[in-house]
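**Student:** I'd like to ask some things about the structure below.
2 protein chains.
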Amino acid sequence: MKIAVLGGDGFCGWPTSLHLSDQGHEVHIIDNLSRRWIDTELGVQSLTPMDSIQERCRIWKEISGESIRFHLLDLAKDYDRLRHWLAEYRPDAIIHFAEQRAAPYSMKSDHHKVYTVNNNVSATHNLLTALVETGIDAHLVHLGTMGVYGYSSVGAAIPEGYLDVEIENLQGEKKGMEILYPTRPGSVYHMTKSLDQILFQFYAQNDGLRITDLHQGIVWGTHTEQTRRHEQLINRFDYDGDYGTVLNRFLIQAAINYPLTVHGTGGQTRAFIHLQDTVRCIELALSDAPSAGDRVKIFNQMTETHRVRDLANMIADLTGAEIANLPNPRKEAAENDLIVKNDHFLELGLNPTTLAGGLLSEVVEVARKYAHRIDRSRVPAVSAWTKDIATRVNHDPEGRQLRSVS
Amino acid sequence: MKIAVLGGDGFCGWPTSLHLSDQGHEVHIIDNLSRRWIDTELGVQSLTPMDSIQERCRIWKEISGESIRFHLLDLAKDYDRLRHWLAEYRPDAIIHFAEQRAAPYSMKSDHHKVYTVNNNVSATHNLLTALVETGIDAHLVHLGTMGVYGYSSVGAAIPEGYLDVEIENLQGEKKGMEILYPTRPGSVYHMTKSLDQILFQFYAQNDGLRITDLHQGIVWGTHTEQTRRHEQLINRFDYDGDYGTVLNRFLIQAAINYPLTVHGTGGQTRAFIHLQDTVRCIELALSDAPSAGDRVKIFNQMTETHRVRDLANMIADLTGAEIANLPNPRKEAAENDLIVKNDHFLELGLNPTTLAGGLLSEVVEVARKYAHRIDRSRVPAVSAWTKDIATRVNHDPEGRQLRSVS
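Quick note, the sequences are listed as chains A and B, same order. Just so you know, we're using this note's numbering here: the first sequence kicks off at 1 and counts up by one. Just so you know, we're using this note's numbering here: the second sequence kicks off at 1001 and counts up by one.
The following block contains the structure:
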């Protein structure tokens, strides 16, 4: 297949591009390199030394003999170039990772909120419109997030996208209705993925676009089978308070003898998936495309759930690290349960890589290897969900600033 | 109160501004005048001769002694100027009409889809972010649409915003959950109002913004008590296939001896409200503001429902006009029922102006007075929901073009 990977220079996009190329697909990466610009803006960098996308593609060609072509294009800002690109290359499938993906970054300031909404909504909507306009019948696979549902469940399992409800009609009869499982996003970032759902529903219904929306858990790990093949194929690996995600951050903190930063009681339960399973799930989703006229296929892309404090204890046991309980910069329930259905991917043949599988140590080893590249002052999470929380979290009771706020 | 009316130069915005000013409020109109630009783009104009907003405000001052101030500002494109404006003027309430509001225009081409989404989402989100950033505790009243729900009801009444559903938990117990009544928008325009709902839910929850979302039916009529006071206070009145709305279009068509354009079987049932009731509803919504921390208040702003062909028959009986059944350019059910709850506004004291109340003739009179300003070639609705429909609707079976397509 000819596959366009939008956002193919990113944390999930790059290993996905390698995986699909390795399977013999013709892979085209479209990226505006915004994630590299954000590193520059924040003054942080990937823990792993990451080459330019052009250099990465050159190395991949040397190692594998396969070509991955890179196209510098901003989906959100340049609709016409996107449409022309699609009309020229006519991909069979499109993997859409091209959105600002960090909740803390999306809450950092008013301008970061505005950027995240404008960028993510325009990227997704421009893509949908361009597919309709060019008449290209590509299967669109989008990376969403479990976080659209918020974390205040009623103790019921979160289904894969849809919920059957009963509505009483005027005659007093109960009528069944299938609805999108209601979202209640907890950050501006998560909200944009909830907006995406509405966009997908409309374009599948009105134009028969074939769309799969993957509601992904928190990704951990850094290597995949392909990134291990050469030092210069190494993946991005974020440790900072904005882009680092909880389990990877604990592993890095353990590697540099930094206390594991647990926010609040650590009672938050989250869904997780290893990066190797992410790229495998994309492959499986591609193999199970909807037909024109079908509703959007929605899969939960996660393999296990854990409470944050349990993860911290597990990593502490594994590494001897200490645990630091810090005030929570997010506005969220202190404790929540989370039960998630993931039958679709299991049925398609996913064989989960679990935390118990031994890969935790690999991550710690990668982190130790590059520990000299870490700026310890960038480890704390300082983006607060409201101004009140910012005051409480980043200053002590006497008003002294506790953490550096960029 | 100091009230900002965003989009105050528009069809609903202008009479609302006059109504609130007449009640003694300090009214500030914020508008980018995009609706006037779209007239220029499409080469159509309001049936009624409409003065500049500055001239309208001057006349209102002469007639009433009250000032309405106009501020030229693009919410969607200029976040920083919006924030500075709010910080300087600190309104007590904000009425948000500032979105592209025609479904056919939103479906006209790929660029019109992109414009509608970018403009509407950015306008609403910039406003919400700026309110949080400036810490202004204004009551935000937004004009949404009944159309977010689509028109494929299960025979149940559409409630005011929320639905109680039961979800079975892991123990097999039914647990109640209140959700936003599920939307299923039928055009890009309607979709943007569905996106707005998600934005409002998030900002009410995360930041305690006080928001009322009015799901309005199709507005008919052109005069209000204030616009009648002077020829130059006259309201915009659209007759073209993009911006004209069904009942007003029938009345204008009747006035110029143009057959009433019924799409498909005319079996579509829609909700309606007279313009005078729109401005009264805004007043009532302002009097019933939510508190910080409340969920978004959602009211259905409509007074009656009618099937399109029944309306056409009613106008034909009233005026002697003929009826023309044309292919439907929209992708929608041929026939639908629609039952809508509107208890909130009735409880607050709304006394509906119904079609039976005699104002239909007033609209026909206004249309006759300005009939010489009508370009009959702009009456048909030519924006089609898909390319297939466009071919079917605008050409006869031999492929000849039936209607002018701009």
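Even glycine gets a Cβ: it sits at the ideal position worked out from N, Cα and C.
Helix, strand or coil for residue 1126 of chain B per DSSP?
**Tutor:** Of the three classes helix, strand and coil, the one that applies to residue 1126 of chain B here is helix, per DSSP.
**Student:** Going along the segment 327-338 of chain A in order, which residues come within less than 8 Å of chain B, judged by CB to CB distance?
**Tutor:** Against chain B - using a Cβ distance shorter than 8 Å - the residues of the segment 327-338 of chain A are 331.
**Student:** Residues of the segment 337-352 of chain A with a CB closer than 8 Å to any CB of chain B: list them in chain order, please.
**Tutor:** Within the segment 337-352 of chain A, the qualifying residues are 339.
**Student:** From residue 147 of chain A to residue 10 of chain A, what distance separates their C-alpha atoms?
**Tutor:** One C-alpha to the other measures close to 19 Å.
**Student:** For residue 210 of chain A and residue 22 of chain A, what's the separation of their Cα atoms in angstroms?
**Tutor:** Their Cα atoms are separated by approximately 25 Å.
**Student:** So within the segment 246-325 of chain A, which uninterrupted alpha helix (DSSP H) runs reach at least 4 residues, ignoring any that extend past its ends?
**Tutor:** DSSP runs (the alpha helix (DSSP H)) wholly in the segment 246-325 of chain A: 246-255, 275-286 and 308-319.
**Student:** Is the distance from the Cβ of residue 350 of chain A to the Cβ of residue 277 of chain A below 9 Å?
**Tutor:** Yes, the Cβ-Cβ distance between residue 350 of chain A and residue 277 of chain A is below 9 Å.
**Student:** Using 9 Å as the limit for Cβ to Cβ distance, is residue 1113 of chain B near chain A?
**Tutor:** Output row for residue 1113 of chain B: interface = yes.
**Student:** Closest Cβ-Cβ distance between residue 356 of chain A and chain B: below 9 Å?
**Tutor:** It does not: the Cβ of residue 356 of chain A has no partner Cβ on chain B nearer than 9 Å.
**Student:** Please tell me whether residue 1336 of chain B and residue 1266 of chain B are closer than 9 Å, where the distance is taken between their beta carbons.
**Tutor:** Cβ distance not < 9 Å, so residue 1336 of chain B and residue 1266 of chain B don't count as in contact.
**Student:** Thinking just about the alpha-carbon of each residue, which of A:69, A:106, A:171 and A:43 is nearest to the one in residue 53 of chain A?
**Tutor:** When each option's Cα is compared against that of residue 53 of chain A, the closest is A:69.
**Student:** Between A:203, A:285 and A:317, which has its C-alpha nearest residue 294 of chain A's C-alpha?
**Tutor:** The option with the nearest alpha carbon to residue 294 of chain A is A:203.
**Student:** According to DSSP, simplified to helix, strand and coil, what is residue 162 of chain A?
**Tutor:** Of the three classes helix, strand and coil, the one that applies to residue 162 of chain A here is strand, per DSSP.
**Student:** Flag residue 323 of chain A as yes if its beta-carbon sits less than 9 Å from any beta-carbon of chain B, otherwise no.
**Tutor:** No, residue 323 of chain A does not count as interfacial toward chain B.
**Student:** Is it the case that the Cβ atoms of residue 195 of chain A and residue 129 of chain A are separated by a distance below 9 Å?
**Tutor:** Not closer than 9 Å, so no.
**Student:** Against residue 175 of chain A, what residues of chain B qualify as contacts under a CB-to-CB distance less than 8 Å, listed in chain order?
**Tutor:** Ordered by position in chain B, the residues that pass the 8 Å Cβ test against residue 175 of chain A are 1154, 1155 and 1156.
**Student:** Take residue 1185 of chain B and list the residues in its own chain whose beta-carbon comes closer than 6 Å to its own, dropping the five residues that flank it on each side.
**Tutor:** Within the same chain, residue 1185 of chain B has close Cβ partners 1148, 1191 and 1194.
**Student:** Quick one: is residue 1387 of chain B near chain A, going by C-beta distance under 9 Å?
**Tutor:** Chain A, which has a Cβ nearer than 9 Å to the Cβ of residue 1387 of chain B, makes this yes.
**Student:** Does chain A have any CB closer than 9 Å to the CB of residue 1070 of chain B?
**Tutor:** Residue 1070 of chain B does not count as touching chain A.
**Student:** Going by Cα to Cα distance, which pick from A:257, A:343, A:154 and A:378 is closest to residue 284 of chain A?
**Tutor:** Out of A:257, A:343, A:154 and A:378, A:343 has the C-alpha closest to the C-alpha of residue 284 of chain A.
**Student:** So residue 1095 of chain B packs on residue 1005 of chain B, CB below 8 Å; how close in whole Å?
**Tutor:** Rounded, the Cβ-Cβ distance is 5 Å, consistent with contact.
**Student:** Can you have a look at residue 49 of chain A and say buried or exposed, based on whether 16 or more other CB atoms are within 10 angstroms of its CB?
**Tutor:** Answer is exposed; the Cβ neighbour count stays below 16.
**Student:** So which residues of chain B does residue 118 of chain A contact, with C-beta pairs closer than 7 Å?
**Tutor:** Here the neighbours are 1122.
**Student:** Going along the chain, which residues of its own chain have a beta-carbon closer than 8 Å to the beta-carbon of residue 1039 of chain B, five neighbours each way excluded?
**Tutor:** The residues are 1045 and 1046.
**Student:** Check each residue of the segment 1122-1141 of chain B: if its Cβ is closer than 8 Å to any Cβ of chain A, include it; give the result in chain order.
**Tutor:** Listed by position, the residues of the segment 1122-1141 of chain B near chain A (Cβ gap below 8 Å) are 1122, 1125, 1126, 1129, 1130, 1132, 1133 and 1135.
**Student:** Going by DSSP, what residues sit across from residue 145 of chain A in a beta bridge?
**Tutor:** Looking at the DSSP assignment, residue 145 of chain A forms a beta bridge with A:216.
**Student:** If I'm right that residue 1253 of chain B touches residue 1379 of chain B with Cβ under 8 Å, what's the distance once you round it to whole angstroms?
**Tutor:** At roughly 7 Å, the Cβ-Cβ gap stays under 8 Å, so residue 1253 of chain B and residue 1379 of chain B are in contact.
**Student:** Anything in chain B within Cβ reach of residue 162 of chain A, meaning under 8 Å, just list it in chain order.
**Tutor:** Result: empty, since nearest Cβ-Cβ is about 11 Å, beyond 8 Å.
**Student:** Please identify the residue among A:327, A:245, A:314 and A:80 whose C-alpha is closest to the C-alpha of residue 360 of chain A.
**Tutor:** Comparing Cα positions, the closest option is A:314.
**Student:** For a contact meaning CB atoms closer than 7 Å, what does residue 1091 of chain B contact in chain A?
**Tutor:** Those within 7 Å of residue 1091 of chain B in chain A number zero; the least Cβ separation is about 18 Å.
**Student:** For residue 175 of chain A, which residues from the same chain have a beta carbon less than 8 Å from its beta carbon, with the 5 sequence-adjacent residues on both sides left out?
**Tutor:** Closer than 8 Å at Cβ, skipping near neighbours: 166, 167, 168 and 169.
**Student:** Exposed or buried, what is residue 248 of chain A when buried is set at 16 or more other beta-carbons lying within 10 Å of its beta-carbon?
**Tutor:** Counting Cβ neighbours within 10 Å, residue 248 of chain A comes out buried, since at least 16 surround it.
**Student:** Pair every Cβ in the segment 131-148 of chain A with every Cβ in the segment 211-227 of chain A, then say whether three or more of these pairs are closer than 8 Å.
**Tutor:** At 8 Å Cβ cutoff, the stretches touch.
**Student:** Using three-state DSSP, classify residue 191 of chain A as helix, strand or coil.
**Tutor:** It is helical.
**Student:** Three or more beta-carbon pairs under 8 Å between the segment 101-113 of chain A and the segment 371-385 of chain A, yes or no?
**Tutor:** The segment 101-113 of chain A vs the segment 371-385 of chain A: in contact.
**Student:** Buried or exposed: where does residue 1041 of chain B fall if 16 or more other Cβ atoms within 10 Å of its Cβ makes it buried?
**Tutor:** Exposed is the call here.
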